[in-house]
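What follows is a single structure, written as C-alpha coordinates, with notes after it.
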Amino acid sequence: MTRCNVIRISLATCFLSLALLSGGCAITTSATLSEVPPMHTIEEFKDQRFAEVYDPWEGFNRSIYRFNYYFDSYVFLPVVQGYEEITPVFVQDRVSGFYNNLSEIRNLSNSLFQLKGKESLTTLGRFVTNSTIGIGGLFDPATRFGLDRHVQDFGKTLGYWGAGSGPYLVLPLFGPSSVRDTSGLAVDTGITYGIYTAAAPFSGTGHSFEISTGVTSLEAVDMRHRQSFRYFESGYPFEYYMVRFFYHQKRELESARNPDAPSE
57 MTRCNVIRIS LATCFLSLAL LSGGCAITTS ATLSEVPPMH TIEEFKDQRF
107 AEVYDPWEGF NRSIYRFNYY FDSYVFLPVV QGYEEITPVF VQDRVSGFYN
157 NLSEIRNLSN SLFQLKGKES LTTLGRFVTN STIGIGGLFD PATRFGLDRH
207 VQDFGKTLGY WGAGSGPYLV LPLFGPSSVR DTSGLAVDTG ITYGIYTAAA
257 PFSGTGHSFE ISTGVTSLEA VDMRHRQSFR YFESGYPFEY YMVRFFYHQK
307 RELESARNPD APSE
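Numbering (the numbering used here), first residue to last: 57 to 320.
Here it is, written out as C-alpha coordinates:
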(Lines of atoms letter the chains of each structure in order from A and count residues from 1; the text may use other names and numbers.)
(Lines give C-alpha, C1' and ligand atoms only; values in the text may rest on other atoms or scores of the structure.)
Protein backbone atom coordinates (compact mmCIF):
# COMPACT_ATOMS: atom_id res chain seq x y z
CA MET A 1 0.00 0.00 0.00
CA THR A 2 1.48 3.31 -1.04
CA ARG A 3 1.58 6.40 1.12
CA CYS A 4 -1.06 7.92 -1.16
CA ASN A 5 -3.40 5.01 -0.49
CA VAL A 6 -2.85 5.32 3.26
CA ILE A 7 -3.88 8.96 3.08
CA ARG A 8 -6.88 8.04 0.93
CA ILE A 9 -7.94 5.43 3.47
CA SER A 10 -7.73 7.96 6.31
CA LEU A 11 -9.83 10.45 4.37
CA ALA A 12 -12.30 7.77 3.36
CA THR A 13 -12.67 6.78 7.00
CA CYS A 14 -13.73 10.29 7.92
CA PHE A 15 -16.10 10.49 4.95
CA LEU A 16 -17.61 7.13 5.89
CA SER A 17 -18.21 8.36 9.42
CA LEU A 18 -19.92 11.47 8.10
CA ALA A 19 -21.98 9.41 5.67
CA LEU A 20 -23.16 7.10 8.43
CA LEU A 21 -24.02 10.09 10.54
CA SER A 22 -26.10 11.73 7.82
CA GLY A 23 -27.63 8.42 6.75
CA GLY A 24 -29.52 7.86 9.94
CA CYS A 25 -27.10 5.99 12.16
CA ALA A 26 -26.58 9.09 14.26
CA ILE A 27 -28.15 9.14 17.65
CA THR A 28 -28.87 12.52 19.15
CA THR A 29 -26.46 13.40 21.92
CA SER A 30 -27.38 15.53 24.89
CA ALA A 31 -24.33 17.74 24.53
CA THR A 32 -24.61 21.15 22.93
CA LEU A 33 -22.00 23.76 22.23
CA SER A 34 -23.14 25.84 25.16
CA GLU A 35 -22.78 22.92 27.59
CA VAL A 36 -19.02 22.48 27.31
CA PRO A 37 -17.59 23.19 30.78
CA PRO A 38 -14.91 25.86 31.01
CA MET A 39 -11.32 24.63 31.14
CA HIS A 40 -9.66 25.96 34.27
CA THR A 41 -6.13 27.32 34.13
CA ILE A 42 -3.11 25.56 35.58
CA GLU A 43 -2.53 28.41 38.03
CA GLU A 44 -5.61 27.29 39.96
CA PHE A 45 -4.04 23.90 40.60
CA LYS A 46 -0.33 24.64 40.53
CA ASP A 47 0.19 23.07 43.97
CA GLN A 48 -1.45 19.81 42.95
CA ARG A 49 0.59 16.80 41.80
CA PHE A 50 -1.24 16.52 38.49
CA ALA A 51 0.19 19.90 37.52
CA GLU A 52 3.70 18.39 37.27
CA VAL A 53 3.43 16.98 33.74
CA TYR A 54 5.56 18.92 31.24
CA ASP A 55 3.07 20.63 28.93
CA PRO A 56 4.71 23.58 27.12
CA TRP A 57 2.08 23.49 24.34
CA GLU A 58 -0.91 23.65 26.65
CA GLY A 59 -2.81 26.22 24.58
CA PHE A 60 -2.57 24.06 21.47
CA ASN A 61 -3.34 20.89 23.42
CA ARG A 62 -6.44 22.37 25.01
CA SER A 63 -7.69 23.44 21.58
CA ILE A 64 -7.23 19.92 20.23
CA TYR A 65 -8.90 18.52 23.34
CA ARG A 66 -11.97 20.63 22.57
CA PHE A 67 -11.86 19.62 18.91
CA ASN A 68 -11.81 15.97 19.94
CA TYR A 69 -14.82 16.59 22.16
CA TYR A 70 -16.82 18.07 19.29
CA PHE A 71 -15.77 15.37 16.83
CA ASP A 72 -16.51 12.67 19.40
CA SER A 73 -19.92 14.08 20.31
CA TYR A 74 -21.24 14.92 16.87
CA VAL A 75 -19.52 12.41 14.57
CA PHE A 76 -17.66 9.51 16.17
CA LEU A 77 -19.94 8.55 19.07
CA PRO A 78 -23.14 8.70 16.99
CA VAL A 79 -21.53 6.31 14.50
CA VAL A 80 -20.36 4.04 17.33
CA GLN A 81 -23.81 4.11 18.94
CA GLY A 82 -25.37 3.24 15.60
CA TYR A 83 -22.97 0.32 15.29
CA GLU A 84 -23.90 -0.87 18.78
CA GLU A 85 -27.62 -0.56 18.04
CA ILE A 86 -27.61 -2.63 14.86
CA THR A 87 -24.90 -5.17 15.76
CA PRO A 88 -25.52 -8.02 18.25
CA VAL A 89 -23.13 -8.15 21.19
CA PHE A 90 -21.90 -11.55 20.03
CA VAL A 91 -20.83 -10.04 16.70
CA GLN A 92 -19.25 -7.05 18.45
CA ASP A 93 -17.13 -9.41 20.54
CA ARG A 94 -16.04 -11.34 17.45
CA VAL A 95 -15.03 -8.11 15.69
CA SER A 96 -13.02 -7.02 18.75
CA GLY A 97 -11.34 -10.41 18.86
CA PHE A 98 -10.38 -10.18 15.20
CA TYR A 99 -8.66 -6.80 15.67
CA ASN A 100 -7.06 -7.93 18.93
CA ASN A 101 -5.51 -10.80 17.03
CA LEU A 102 -4.15 -8.48 14.34
CA SER A 103 -2.62 -6.28 17.04
CA GLU A 104 -0.57 -9.26 18.25
CA ILE A 105 1.80 -8.46 15.36
CA ARG A 106 2.54 -5.10 16.98
CA ASN A 107 2.80 -6.75 20.41
CA LEU A 108 5.23 -9.35 19.08
CA SER A 109 7.50 -6.90 17.27
CA ASN A 110 7.83 -4.70 20.34
CA SER A 111 8.40 -7.63 22.70
CA LEU A 112 11.26 -8.59 20.39
CA PHE A 113 12.58 -5.00 20.38
CA GLN A 114 12.62 -5.17 24.19
CA LEU A 115 14.45 -8.52 24.10
CA LYS A 116 11.68 -10.21 26.08
CA GLY A 117 12.12 -13.76 24.88
CA LYS A 118 9.47 -15.51 26.98
CA GLU A 119 6.90 -12.80 26.28
CA SER A 120 7.68 -12.94 22.55
CA LEU A 121 7.12 -16.69 22.47
CA THR A 122 3.85 -16.31 24.37
CA THR A 123 2.62 -13.63 21.97
CA LEU A 124 3.63 -15.69 18.94
CA GLY A 125 1.82 -18.67 20.43
CA ARG A 126 -1.29 -16.54 20.96
CA PHE A 127 -1.26 -15.31 17.38
CA VAL A 128 -0.81 -18.77 15.87
CA THR A 129 -3.41 -20.36 18.16
CA ASN A 130 -6.08 -17.70 17.69
CA SER A 131 -5.41 -17.40 13.95
CA THR A 132 -6.03 -21.13 13.48
CA ILE A 133 -8.15 -22.69 16.22
CA GLY A 134 -9.69 -19.28 16.99
CA ILE A 135 -10.65 -18.73 13.33
CA GLY A 136 -8.65 -15.60 12.68
CA GLY A 137 -9.08 -14.26 16.20
CA LEU A 138 -12.89 -14.44 16.25
CA PHE A 139 -12.43 -16.58 19.36
CA ASP A 140 -9.68 -16.60 21.98
CA PRO A 141 -8.67 -20.17 22.87
CA ALA A 142 -5.10 -18.96 23.57
CA THR A 143 -6.16 -17.36 26.85
CA ARG A 144 -7.82 -20.59 27.96
CA PHE A 145 -4.55 -22.36 27.17
CA GLY A 146 -2.71 -20.01 29.53
CA LEU A 147 -1.18 -17.76 26.88
CA ASP A 148 -1.80 -14.33 28.39
CA ARG A 149 -1.95 -11.23 26.25
CA HIS A 150 0.91 -8.70 26.55
CA VAL A 151 0.00 -5.33 25.06
CA GLN A 152 3.04 -3.55 23.66
CA ASP A 153 3.77 -0.61 21.39
CA PHE A 154 6.85 1.27 20.23
CA GLY A 155 6.22 4.11 22.66
CA LYS A 156 6.67 1.60 25.49
CA THR A 157 9.74 0.21 23.75
CA LEU A 158 11.33 3.66 23.64
CA GLY A 159 10.55 4.15 27.32
CA TYR A 160 11.90 0.70 28.14
CA TRP A 161 15.26 1.67 26.64
CA GLY A 162 15.35 4.92 28.58
CA ALA A 163 13.80 7.51 26.27
CA GLY A 164 11.96 10.23 28.16
CA SER A 165 8.33 10.93 27.37
CA GLY A 166 9.02 14.49 26.26
CA PRO A 167 6.31 17.15 26.22
CA TYR A 168 2.69 16.14 26.61
CA LEU A 169 0.75 16.23 23.35
CA VAL A 170 -2.93 15.87 22.51
CA LEU A 171 -3.41 14.39 19.04
CA PRO A 172 -6.47 15.03 16.85
CA LEU A 173 -8.85 12.04 17.18
CA PHE A 174 -6.23 9.89 18.98
CA GLY A 175 -6.29 11.98 22.16
CA PRO A 176 -3.64 12.08 24.94
CA SER A 177 -0.08 11.31 23.88
CA SER A 178 3.47 12.60 24.19
CA VAL A 179 6.33 13.25 21.81
CA ARG A 180 7.70 9.79 22.58
CA ASP A 181 4.37 8.03 22.14
CA THR A 182 3.57 9.94 18.96
CA SER A 183 6.90 8.80 17.52
CA GLY A 184 6.07 5.28 18.64
CA LEU A 185 2.67 5.46 16.96
CA ALA A 186 4.32 6.49 13.69
CA VAL A 187 6.76 3.56 13.88
CA ASP A 188 4.03 1.03 14.75
CA THR A 189 1.88 2.33 11.89
CA GLY A 190 4.80 2.06 9.49
CA ILE A 191 5.54 -1.52 10.53
CA THR A 192 1.87 -2.50 10.28
CA TYR A 193 1.44 -1.06 6.80
CA GLY A 194 4.77 -2.51 5.73
CA ILE A 195 3.58 -6.00 6.68
CA TYR A 196 0.19 -5.28 5.13
CA THR A 197 1.81 -4.20 1.87
CA ALA A 198 3.97 -7.32 1.77
CA ALA A 199 1.02 -9.62 2.51
CA ALA A 200 -1.46 -7.75 0.25
CA PRO A 201 -4.40 -9.87 1.49
CA PHE A 202 -6.98 -8.27 -0.82
CA SER A 203 -4.85 -7.73 -3.91
CA GLY A 204 -6.60 -10.47 -5.88
CA THR A 205 -10.14 -9.25 -5.24
CA GLY A 206 -10.10 -6.30 -7.60
CA HIS A 207 -11.52 -4.16 -4.77
CA SER A 208 -8.47 -3.82 -2.55
CA PHE A 209 -8.98 -0.13 -1.75
CA GLU A 210 -12.67 -0.48 -0.88
CA ILE A 211 -12.10 -3.51 1.35
CA SER A 212 -9.09 -1.91 3.06
CA THR A 213 -11.14 1.22 3.73
CA GLY A 214 -13.92 -0.83 5.27
CA VAL A 215 -11.51 -2.79 7.46
CA THR A 216 -9.79 0.41 8.63
CA SER A 217 -13.11 2.16 9.33
CA LEU A 218 -14.51 -0.77 11.28
CA GLU A 219 -11.30 -0.95 13.32
CA ALA A 220 -11.68 2.71 14.31
CA VAL A 221 -15.32 2.16 15.31
CA ASP A 222 -14.42 -0.96 17.29
CA MET A 223 -11.62 0.84 19.17
CA ARG A 224 -13.96 3.67 20.22
CA HIS A 225 -16.69 1.17 21.08
CA ARG A 226 -14.35 -0.45 23.61
CA GLN A 227 -13.38 2.81 25.29
CA SER A 228 -15.69 3.97 28.07
CA PHE A 229 -14.14 7.45 28.36
CA ARG A 230 -16.41 10.33 27.38
CA TYR A 231 -15.18 13.91 27.21
CA PHE A 232 -16.49 16.24 29.94
CA GLU A 233 -18.48 13.53 31.72
CA SER A 234 -16.04 13.06 34.59
CA GLY A 235 -17.62 15.76 36.72
CA TYR A 236 -14.19 17.33 37.36
CA PRO A 237 -13.85 21.04 36.54
CA PHE A 238 -10.16 20.34 35.87
CA GLU A 239 -10.67 17.29 33.64
CA TYR A 240 -7.95 18.26 31.15
CA TYR A 241 -5.30 18.18 33.88
CA MET A 242 -6.53 14.94 35.40
CA VAL A 243 -6.56 13.20 32.01
CA ARG A 244 -3.07 14.53 31.34
CA PHE A 245 -1.74 13.35 34.70
CA PHE A 246 -3.29 9.87 34.62
CA TYR A 247 -2.17 9.30 31.03
CA HIS A 248 1.39 10.36 31.85
CA GLN A 249 1.57 8.21 35.00
CA LYS A 250 0.08 5.18 33.27
CA ARG A 251 2.53 5.36 30.37
CA GLU A 252 5.52 5.86 32.65
CA LEU A 253 4.59 2.78 34.68
CA GLU A 254 3.95 0.70 31.54
CA SER A 255 7.20 1.61 29.82
CA ALA A 256 9.58 1.51 32.78
CA ARG A 257 11.90 -1.41 33.29
CA ASN A 258 11.26 -3.43 36.42
CA PRO A 259 14.68 -4.05 38.02
CA ASP A 260 13.17 -6.73 40.26
CA ALA A 261 11.73 -8.74 37.37
CA PRO A 262 13.46 -12.04 36.64
CA SER A 263 15.53 -12.09 33.48
CA GLU A 264 14.33 -14.19 30.58
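Quick reminder that beta carbons are idealized off the backbone N, C-alpha and C, glycines included.
Because the structure is a prediction, the values reported are computed rather than measured.
Straight-line Cα distance separating residue j from residue i
{"i": "residue 287", "j": "residue 220", "result": "27 Å"}
{"i": "residue 197", "j": "residue 159", "result": "16 Å"}
{"i": "residue 243", "j": "residue 249", "result": "10 Å"}
{"i": "residue 268", "j": "residue 300", "result": "33 Å"}
{"i": "residue 247", "j": "residue 253", "result": "10 Å"}
{"i": "residue 148", "j": "residue 310", "result": "28 Å"}
{"i": "residue 156", "j": "residue 232", "result": "21 Å"}
{"i": "residue 139", "j": "residue 180", "result": "31 Å"}
{"i": "residue 308", "j": "residue 235", "result": "13 Å"}
{"i": "residue 292", "j": "residue 228", "result": "22 Å"}
{"i": "residue 290", "j": "residue 296", "result": "10 Å"}
{"i": "residue 218", "j": "residue 239", "result": "14 Å"}
{"i": "residue 162", "j": "residue 115", "result": "33 Å"}
{"i": "residue 143", "j": "residue 137", "result": "10 Å"}
{"i": "residue 265", "j": "residue 256", "result": "11 Å"}
{"i": "residue 118", "j": "residue 192", "result": "40 Å"}
{"i": "residue 272", "j": "residue 132", "result": "14 Å"}
{"i": "residue 194", "j": "residue 306", "result": "29 Å"}
{"i": "residue 263", "j": "residue 313", "result": "45 Å"}
{"i": "residue 230", "j": "residue 214", "result": "19 Å"}
{"i": "residue 274", "j": "residue 146", "result": "16 Å"}
{"i": "residue 270", "j": "residue 259", "result": "15 Å"}
{"i": "residue 190", "j": "residue 113", "result": "45 Å"}
Simplified DSSP assignment, three categories, for residue i
{"i": "residue 226", "result": "strand"}
{"i": "residue 307", "result": "helix"}
{"i": "residue 134", "result": "helix"}
{"i": "residue 233", "result": "strand"}
{"i": "residue 204", "result": "coil"}
{"i": "residue 221", "result": "coil"}
{"i": "residue 257", "result": "coil"}
{"i": "residue 155", "result": "helix"}
{"i": "residue 281", "result": "helix"}
{"i": "residue 195", "result": "coil"}
{"i": "residue 12", "result": "The structure shown does not extend to residue 12, since the chain spans only 57 to 320, so no value can be given for it."}
{"i": "residue 108", "result": "coil"}
{"i": "residue 139", "result": "helix"}
{"i": "residue 122", "result": "helix"}
{"i": "residue 244", "result": "helix"}
{"i": "residue 262", "result": "coil"}
{"i": "residue 295", "result": "helix"}
{"i": "residue 312", "result": "coil"}
{"i": "residue 287", "result": "coil"}
{"i": "residue 209", "result": "coil"}
{"i": "residue 250", "result": "helix"}
{"i": "residue 190", "result": "coil"}
Assigned exposure category for residue i - 16 Cβ within 10 Å defines buried
{"i": "residue 303", "result": "buried"}
{"i": "residue 134", "result": "buried"}
{"i": "residue 261", "result": "exposed"}
{"i": "residue 141", "result": "exposed"}
{"i": "residue 277", "result": "buried"}
{"i": "residue 294", "result": "buried"}
{"i": "residue 178", "result": "buried"}
{"i": "residue 251", "result": "exposed"}
Below-8 Å beta-carbon distance, residue i vs any chain B residue
{"i": "residue 110", "result": "Absent from the structure is chain B; it holds one protein chain and no more."}
Would you call the segment 166-185 and the segment 194-213 in contact, with 3 or more CB pairs under 8 Å? Because the criterion of three Cβ pairs below 8 Å is met, the segment 166-185 and the segment 194-213 touch.
Do three or more CB pairs link the segment 136-156 to the segment 275-282 at distances below 8 Å? The answer is yes - the segment 275-282 touches the segment 136-156, with three or more Cβ pairs under 8 Å.
Can you find at least 3 beta carbon pairs, one from the segment 124-144 and one from the segment 170-186, that sit closer than 8 Å? Counting Cβ pairs under 8 Å, fewer than three are found: no touch.
Touch check for the segment 108-115 and the segment 224-237: three-plus C-beta pairs under 8 Å? Output reads yes: the segment 224-237 touches the segment 108-115.
Contact between the segment 198-205 and the segment 180-190: three or more CB pairs below 8 Å? Contact holds: three or more Cβ-Cβ distances are below 8 Å.
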